[in-house]
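Peer 1: Remember, this note's numbering sits 12 above the position in the sequence shown when you count from 1. The beta-carbon is built from N, C-alpha and C at its ideal position, and this holds for glycine as well.
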Amino acid sequence: MWKARENGHLAVIVTGRSRSHIEEPILDIGFDGMIGGNGAYIELDNKVIKDETIQVEDVKRIVDYLNQHHLEYYIEANDGLYGSKNFKVRGVEALRQYGMKDPDVMEIYPAMTFPKCLYVENVTKINYILESYQDYSDFKEAFPEFKDLTWGGKGEKAIFGDCALKHIDKQEAIKELIDYLKIDQEDIIAFGDAEIDIPMFDIAGISVCVGNGREEAKKHATYVTKPVSEDGIEYALKHFEII
13 MWKARENGHL
23 AVIVTGRSRS
33 HIEEPILDIG
43 FDGMIGGNGA
53 YIELDNKVIK
63 DETIQVEDVK
73 RIVDYLNQHH
83 LEYYIEANDG
93 LYGSKNFKVR
103 GVEALRQYGM
113 KDPDVMEIYP
123 AMTFPKCLYV
133 ENVTKINYIL
143 ESYQDYSDFK
153 EAFPEFKDLT
163 WGGKGEKAIF
173 GDCALKHIDK
183 QEAIKELIDY
193 LKIDQEDIIA
203 FGDAEIDIPM
213 FDIAGISVCV
223 GNGREEAKKH
233 ATYVTKPVSE
243 DGIEYALKHF
253 EII
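#1: Suppose only complete runs of 3+ residues qualify. What are the beta strand (DSSP E) ranges in the segment 181–218, listed by chain order?
#2: So, are the CB atoms of residue 180 and residue 159 less than 8 Å apart?
#3: Which residues does DSSP list as the beta-bridge partners of residue 124?
#4: Whose C-alpha, out of 219, 242, 250 and 243, is nearest the C-alpha of residue 236?
#5: How long is the line joining the alpha carbons of residue 109 and residue 164, rounded to whole angstroms?
#6: Given a cut-off of 8 Å on the beta-carbon distance, is the pair residue 173 and residue 191 in contact?
#7: Assuming contact is defined by CB atoms lying nearer than 8 Å, are residue 32 and residue 91 in contact in what I supplied?
#8: Can at least three beta-carbon pairs, one atom from the segment 207–223 and one from the segment 118–135, be found at a separation below 8 Å?
#9: Looking at the structure shown, is residue 52 part of a helix, part of a strand, or coil, going by DSSP?
#10: Got a sec, what are the start and stop residues for the beta strand (DSSP E) residue 229 sits in?
#11: Taking the runs of the alpha helix (DSSP H) that are 4 residues or longer, which of them lie wholly in the segment 14–51?
#12: By Cβ distance, which residues of its chain are closer than 6 Å to residue 62, with the 5 residues on each side in sequence left out?
#13: Hey, quick one: how far does the beta strand (DSSP E) through residue 170 stretch, first residue to last?
#14: Quick one: any contact between the segment 26–44 and the segment 95–106, if contact means 3 or more CB pairs under 8 Å?
#15: Look at the Cβ atom of residue 99, then the Cβ atom of residue 85, and state whether they are nearer than 8 Å.
#16: For residue 93, which residues of its own chain have a beta-carbon under 8 Å away from its beta-carbon, when the five flanking residues on both sides are left out?
#17: Is the separation between the beta-carbon of residue 186 and that of residue 200 shorter than 8 Å?
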């Protein structure tokens, strides 16, 4: 990535994770900025350009609902990662379903804390473990004003539900960053691996899906590179003469 930056390109992370949920080893690779929370947060050169969060009153309603329905959850805020009382235990099985062999919740979420009160500020997303798909359907019915989605492991199985601001998405955030930088969207190269990345692909001049990505995502990509395990991103950067 540093070679691409040396050649005059900007490198920006675009992720569903909130600022606090991006591990330091990833940041240490070297990026000029990030779009976090699926578009709720934009940072460039250590300057925050956008930071939209769920109102505390709404966080309280959601937390109360999840507690009343005995669903374990974790809250992503830009300044912290907060787990429900039993998430450390219940999360093990959920992460095992996600495809991890012997998951340790605290190794996977090293920044997570477990405060007694989870009515916290600066929240971009709330994730909860599904005991059944009905849990997601019920949550969606209870909170129609939010963007309610599911995510999981192979085949994008529904293991977790998540709740975020309805108008937030990666594509819109990229448009905002393009406007801020005053650049042409044709100069954007987007990398992704799943259906959630398709709106990002649609706005980019060049879109690259990694070889181990989802078939539907590949259909929307300009170019399909090698799998991540075979240095697919580096391969694509060389293919397009970025490095």
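Peer 2: Result, derived from the coordinates:
#1: For the segment 181–218, whole beta strand (DSSP E) runs of length 3 or above, ordered along the chain, are 201–204.
#2: The answer is yes: Cβ separation under 8 Å.
#3: Under DSSP, residue 124 forms a beta bridge with 93.
#4: The shortest C-alpha to C-alpha distance from residue 236 to any of 219, 242, 250 and 243 is the one to 219.
#5: Those two C-alpha atoms are separated by around 8 Å.
#6: Pairing residue 173 with residue 191 gives a Cβ-Cβ distance that is not under 8 Å.
#7: Going by C-beta atoms, residue 32 is nearer than 8 Å to residue 91.
#8: The answer is no - the segment 118–135 does not touch the segment 207–223, with fewer than three Cβ pairs under 8 Å.
#9: DSSP places residue 52 in the coil class of the three-state scheme, outside both helix and strand.
#10: DSSP places residue 229 in no beta strand (DSSP E) but in the uninterrupted alpha helix (DSSP H) bounded by 227–231.
#11: 14–18 and 36–39, all fully within the segment 14–51.
#12: Counting only Cβ-Cβ distances below 6 Å, and skipping sequence neighbours, we find 54.
#13: Here residue 170 belongs to no beta strand (DSSP E), and DSSP marks it neither H nor E.
#14: Three or more Cβ pairs closer than 8 Å define a contact, and the segment 26–44 falls short of that threshold against the segment 95–106.
#15: Contact check for residue 99 against residue 85 passes: the beta carbons are separated by less than 8 Å.
#16: Hits under 8 Å: 30, 32, 33, 86, 87, 121, 123, 124 and 125.
#17: With contacts defined by Cβ atoms closer than 8 Å, residue 186 and residue 200 form a contacting pair.
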